[in-house]
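Numbering (the numbering used here), first residue to last: 3 to 172.
The beta-carbon is built from N, C-alpha and C at its ideal position, and this holds for glycine as well.
One structure is given here, and the rest of the page talks about it.
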């Protein structure tokens, strides 16, 4: 009888050990599943960010191509006078130009707001003029408009900036 109790006790101990081992395995599998799920969520987030960046780059590439067309429209509009025989043509071109602007605004592409002081993040100095009429680094004239999409510069504005006249030695 004592031997029978001993065997039952051993079997019970073995079962408890097996249960403990199975619980450890269960916890390990839960951890593996949780990590796999977290990895999947992270992967999805990375793919969404990457897809958004690719979409944004594509929009910027197309916008750059269309911006040159807008520049041509602006030049054409500047050369036409409203009271000339081609005044109606000017109105048509202005309408087309307006539609381009509206399309860009709907895609968060906007003209760089012109400020008086040169900012290399938004401007490209293509002409530097020595003058004492303006302070140094003041924008005298915008030669070609610049554009941003969201917080990224698509094309910097090309500007003429003032520079202090050089002092000639006497």
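Asked	Found
Cβ-based burial, residue 37 [other Cβ within 10 Å; buried from 16]	exposed
DSSP bridge partner residues for residue 48 (one or two, in chain order)	Per DSSP, none; premise fails for residue 48.
Residues bridged to residue 157 [DSSP beta-bridge criterion]	149
Residue environment, residue 164, which counts as buried when at least 16 other CB atoms sit within 10 Å	buried
Buried or exposed by the 16-neighbour rule on C-beta atoms within 10 Å, applied to residue 45	exposed
Beta-carbon proximity check, residue 92 vs residue 79, cutoff 8 Å	yes
Check: residue 65 C-beta below 7 Å from any heavy atom of the ligand GDP	By its list of ligands, the structure shown contains no ligand whatsoever, and the ligand GDP lies outside what it can speak to.
Nearest-angstrom Cα separation, counted from residue 48 out to residue 30	27 Å
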